[in-house]
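Below is one structure, written out as structure tokens; the observations come after it.
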Amino acid sequence: MKTNFRRLSAAAFVLTLAVLVLTALPTAPQVEATSSAPEAWRIAPPAPKISEAERLAELAKRRQEAIKRMGDKAIMVLFSTEPRIYTFDVDYHYRQENNLYYLTGIKQDGAVLLLIPGAKKTREILFIPERDPRRETWTGRMLSNEDARGRSGVQEVWDMSLLNGFLATLAPKAEAAIAKRGTASKPNTELLAQWQTEFQTFIEAASSDQAEIYLLTPQGRDLREYRHEHEFAENLKATNSGLKIRSAHPIFAELRLVKSAWELKLLQHAADITAEAFHRVFAAASPAMFEYEIQAEFEYTFKRRGADNWGYPCIVGAGANATTLHYITNQEPLDNGSLLLMDCAAEFDHYTADITRTIPINGKFTKEQADIYRIVYDAQTASINRVRAGNVVGAVFDPASNTKSVQGVTAEIIKDGLFKLGLITSKDNNEFRTWFMHGTSHWIGMNVHDVGDYRTPLAPGMVLTVEPGIYIRPDALDWLPKTPENERFIKAVRPAFEKYKGIGIRIEDDILVTTGDPVNMSASIPRKLEEVEATMARLKQELRKSGWPQAAMR
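When the count follows this note's numbering, it moves up by one through the sequence shown with no breaks and lands on 544 for the last residue.
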């Protein structure tokens, strides 16, 4: 009964969010195989702007939506991401935990957000570290309470030294577990009385073992991201804390699946910055360069246009390196006659694009490269046209009869193409997975592989990738298990394999679901074979004749 109710609630929320973003969605052009070639140079437009009132209203709405999903006998505790050590006393660049940022807009480390639906008035409390002039001397100004209040819209901003004592007041049975986090300073008599009155509903629930605490506990055994939450949850479980541990992940998976108008602008800007970088690489790439030089062109453009960073490490694979899905070594030379696969994208204000193009290093595809490229292009075009409200992401194993599956049509077209080239012997089995071994689509947003239930029907405001690929790894046949069936397969496909081995091609775009046709948010980057060649030739000619355009240097 509970499960059905939650599914119903989730579906209702997705529908509501979809309706809210309809008026903000762009008019959707039909995704055609014969789109016009983009302009010669693509320069990212200025960053989108939002008024403070609108920004704070959106944050407040997100917090209220989270509160609605918890119940009066629950609290949610969101911790900041812990700094990551690069080596010894050097940290990686700090990036705030997505869900805390989603609800507060706070990037500073050390912040903690509490949501308390059952409170009489104070349902949101943001805890931040006290400003420390010695620390500020080394690492810069910290947020004051007023700064944090203005940035987040949370009116109750408390000093971090109160957090453990406050949690112990809410759940006295959990005091021993809370003490493992650090000292729990006791509030004075007056403050204690205020807390006991304001948060009476939760305190009584905790005393009778009926309270719930929502934490971002790890989903699986990997503790690298949510180690602090895991340890806190385990300590609570080990004591008679009066608290039932609930995962906060499903709440955010639901909330973040349909993007608001502002989120779509941030995603579009990340795609626009990435588009400028791809055009720059189309002009610069040439034989005798190295993969790291191409990576540098991307990252240079990202920083020049104000991106936070890349959304994931740049994949720049030349030649056979393109057949390694997540190749990030990026140290090899670009050989004449080979292909260059680039899977690189910018992250802007916590939202990342995810885009891939494969280009001929010398500007012209060989016949064999073109054979593979056209299969991938056709599969992507058909899949993009499936990105419509009411359809589903589906799976690559969905049958052709499932006309609503985005991933299903990808597989059907790839199987058909591989069969015609002699790289598989049947379209009725899984031989195609030898050359196409990943899925076609995933959600994007604050994570490059963003949160969300893939069983949810597509609705306006959702954004997903469409990224088919074919990878003829030079040693692929050598690694197949030695079975009679595989021996027959190897013998049958060997001639075609020798013809195409070493070719790796992926084409990836970010697609927005609308009320009508899909919108390709990265459409300004050429993807059709003839447009790729023409754009590379045009940009290289412009670069030789006039150098980089002035707009690209600003």
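Ideal placement from N, C-alpha and C gives every residue a C-beta, glycine not left out.
All values derive from a computational prediction rather than experimental measurement.
Problem set entry | Counterpart residues of Asn299 in DSSP-defined beta bridges | Glu337
Exercise. Expressed to the nearest angstrom, what Euclidean distance is found between the alpha-carbon atoms of Thr314 and Lys227?
Worked result: 43 Å
Exercise. Quick one: Cα of Pro73 to Cα of Gly100, how far?
Worked result: 9 Å
Exercise. Applying the criterion that 16 or more other CB atoms from any shown protein chain within 10 Å of the CB defines a buried residue, is Phe487 buried or exposed?
Worked result: buried
Exercise. Taking C-alpha atoms, which residue in Arg124, Thr129, Ile115 and Asn154 lies nearest to Asn135?
Worked result: Ile115
For this session: Within the same chain, show all residues whose beta-carbon is closer than 6 Å to that of Thr258, passing over the 5 residues directly before and after it, in chain order.
Result: First, the residue type needs correcting, since residue 258 is Gln and not Thr in the sequence shown. Same-chain partners within the cutoff: Met511.
Exercise. Smallest Cα separation from Thr129: which of Gln145, Gln98 and Ser151?
Worked result: Gln98
Exercise. Relative to the alpha-carbon of Trp300, which residue among Ala286, Ala308 and Gly309 has its alpha-carbon at the smallest distance?
Worked result: Ala286
For this session: Assign Gly140 to one of three DSSP states: helix, strand, or coil.
Result: helix
Problem set entry | Range of the contiguous beta strand (DSSP E) that encloses Lys234 | Leu233 to Ser237
Exercise. Rounded to the nearest angstrom, how far is the Cβ of Ile305 from that of Leu329, given a contact under 8 Å?
Worked result: So it is not a contact: roughly 13 Å between Cβ atoms.
For this session: Round the Cβ separation of Ala336 and Ile434 to the nearest angstrom and send it over; I've been treating them as touching at under 8 Å.
Result: In fact, because the Cβ distance is near 12 Å, the residues do not count as touching under 8 Å.
For this session: Going by DSSP, name the residue or residues bridged to Tyr204.
Result: Met66 and Arg236
Exercise. How big is the Cα-Cα spacing for Arg246 and Asp325?
Worked result: 43 Å
Exercise. Considering only residues of the same chain and omitting the five flanking positions on each side of Ala527, which have a CB-CB separation below 7 Å?
Worked result: Gly353
For this session: Can you tell me which of Glu322, Lys491, Thr348 and Tyr216 puts its alpha carbon nearest to the alpha carbon of Gly269?
Result: Sequence inspection shows His at residue 269; the Gly mentioned does not correspond to that position. Minimum Cα distance to His269 is reached at Thr348.
For this session: Reducing DSSP to helix, strand and coil, say where Arg347 ends up.
Result: strand
Exercise. Can at least three beta-carbon pairs, one atom from the region 119 to 129 and one from the region 193 to 212, be found at a separation below 8 Å?
Worked result: no
Exercise. Among residues of its own chain, excluding the 5 on either side of Tyr84, which ones have a beta-carbon nearer than 7 Å to its beta-carbon?
Worked result: Pro73 and Asp99
For this session: Can you tell me which of Lys58, Arg52, Leu103 and Ser142 puts its alpha carbon nearest to the alpha carbon of Glu42?
Result: Ser142
Problem set entry | Touch test, the region 225 to 241 against the region 461 to 480, Cβ-Cβ under 8 Å, three pairs minimum | no
For this session: Mind checking who Pro323 pairs with in its DSSP beta bridge?
Result: Phe280
Exercise. Buried or exposed: which applies to Thr371, given that a residue is buried once 16 or more other Cβ atoms fall within 10 Å of its Cβ?
Worked result: buried
Exercise. Looking at Ala223 and Lys63, is the spacing between their C-beta atoms short of 7 Å?
Worked result: no
Exercise. In the region 89 to 173, which residue ranges form an unbroken alpha helix (DSSP H) of at least 4 residues, counting only runs that do not cross its ends?
Worked result: 123 to 129, 135 to 142, 153 to 160 and 165 to 169
Problem set entry | Boundaries (first-last residue) of the beta strand (DSSP E) holding Arg496 | Gly494 to Arg496
For this session: Indicate the three-state DSSP secondary structure (helix, strand or coil) for Met526 in the structure shown.
Result: helix
Exercise. Hey, how far is the Cα of Ala482 from the Cα of Thr319?
Worked result: 34 Å
For this session: Take Gly172 and list the residues in its own chain whose beta-carbon comes closer than 7 Å to its own, dropping the five residues that flank it on each side.
Result: Asn154
Problem set entry | Leu448: first and last residue of the uninterrupted alpha helix (DSSP H) it sits in | No alpha helix (DSSP H) holds Leu448; DSSP gives it neither H nor E.
Exercise. In terms of DSSP beta bridges, what is Asp81 paired with?
Worked result: Ile75
Problem set entry | Residues near Ala549 in its chain [Cβ-Cβ closer than 6 Å; skip 5 each side] | Nothing in the structure corresponds to residue 549, since the chain is present only between -9 and 544.
For this session: Kindly list the residues whose CB is nearer than 8 Å to the CB of Ser175, restricted to its own chain and excluding five residues on each side of it in sequence; keep chain order.
Result: Ser151, Leu152, Asn154 and Gly155
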